[in-house]
Amino acid sequence: REMGVNPLANPVEVAIISWRWGAYLGEEGLENGIRCKISSWMRPDSRMLPPLAKASANYGNSVLAKLEALQCGYDEAIQLNSQGYVCEGTGENIFIVKEGVLFTPPTEAGALEGITQNSVITMAQDMGMTVIRKNISREELFLADEAFLTGTAAEITPIREVDKRVIGRGVKGEITAALQARFFDICRGKDEKYLHWLEFV
């Protein structure tokens with residue numbers, strides 16, 4: 019074994035830990051939505067770190083963004099990429115809804131390809147919704163009818179405000195609510211169509 023930045027002399031070790039975890043962004047956030055801040059800390063692009071890797075080394079930037087948001091009185095941060103497009107939250111993917119269509123940033127924008135993000139895309143399409151992966155500008159986020167974050171911990175959490183701008187009507191939107199309800203039914207084994215997504219532990 020070797021101490022330093024050379025990983026080649028150190029074998030890979032894996033540990034799996036299980037513990038009870040409540041609503042990551044709060045029960046209030048799940049029900050009524052959270053307030054987000056556009057962070058001054060940008061999401062690192064592929065010339066700096068591989069953004070598709072869910073590696074702990076990639077989260078230093080997220081920690082700074084999260085702290086900034088909390089210190090400014092917000093619940094969560096939204097990070098832009100180096101081109102100024104909306105990328106993701108500090109540990110979540112982001113969706114917006116405009117005129118009934120869902121939009122989420124592509125992986126080329128620097129967003130992590132999330133398991134929950136892909137699940138939401140599949141669910142939405144199965145429910146007859148259109149989902150488009152495209153670059154999302156800050157202005158498009160501000161003008162969205164609905165917005166929400168997705169993640170293993172965040173599940174599907176509505177966004178009700180960004181930088182003191184109310185999103186939609188400032189409450190959980192109809193599409194967000196429908197997806198969230200379907201998602202929780204799937205997670206609890208109440209939807210036979212998606213039972214193959216579950217693994218008994």
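Position one of the sequence shown corresponds to residue 19 (my numbering), numbered consecutively onward. No residue lacks a Cβ here, since even glycine has one placed at the ideal position from N, Cα and C.
Helix, strand or coil at residue i [DSSP, three-state]
i, result
"Leu120", "strand"
"Asn111", "strand"
"Val184", "strand"
"Thr168", "strand"
"Glu126", "helix"
"Ala142", "helix"
"Gln97", "strand"
"Cys205", "helix"
"Arg65", "coil"
"Thr148", "coil"
"Arg53", "strand"
"Ile34", "coil"
Length of the line joining the Cα atoms of residue i and residue j
i, j, result
"Thr148", "Ile139", "9 Å"
"Glu30", "Leu167", "Inspection of the sequence shows that residue 30 is occupied by Val rather than by Glu. Near 32 Å, if we compare the C-alpha coordinates of Leu167 and Val30."
"Glu192", "Glu106", "22 Å"
"Ser36", "Ala199", "25 Å"
"Trp215", "Ala83", "32 Å"
"Leu130", "Ala171", "14 Å"
"Lys152", "Glu45", "30 Å"
"Ser64", "Val104", "15 Å"
"Ile204", "Ala195", "14 Å"
"Arg206", "Arg19", "43 Å"
"Glu210", "Asn28", "44 Å"
"Arg187", "Gly40", "27 Å"
Distance CB(residue i)-CB(residue j) smaller than 9 Å
i, j, result
"Asn99", "Met60", "yes"
"Leu120", "Ala95", "no"
"Phe201", "Glu173", "yes"
"Ile154", "Gly51", "no"
"Thr134", "Leu48", "no"
"Arg183", "Gly102", "no"
"Gly78", "Gly132", "no"
Any chain D beta carbon closer than 9 Å to residue i
i, result
"Gly22", "Although the question refers to chain D, the structure presented lacks it and comprises just one protein chain."
Nearest residue (CA-CA) to residue i, options the options
i, options, result
"Glu86", "Asp181, Leu197, Asn76", "Asp181"
"Tyr42", "Val104, Ile34, Thr108", "Thr108"
"Asp81", "Val104, Glu110, Gly102", "The sequence given here has Val at residue 81, not Asp. Of the listed residues, the one whose Cα sits closest to Val81 is Glu110."
"Met145", "Gly169, Gly118, Arg156", "Gly118"
"Val189", "Ile177, Lys211, Gln97, Trp39", "Ile177"
"Ile150", "Asn136, Arg156, Glu157", "Asn136"
Three-pair Cβ contact test at 8 Å for the region 112–127 versus the region 158–177: yes
At least three beta-carbon pairs within less than 8 Å, the region 86–100 to the region 52–70: yes
Contact the region 121–132 vs the region 65–76: 3+ CB pairs below 8 Å: yes
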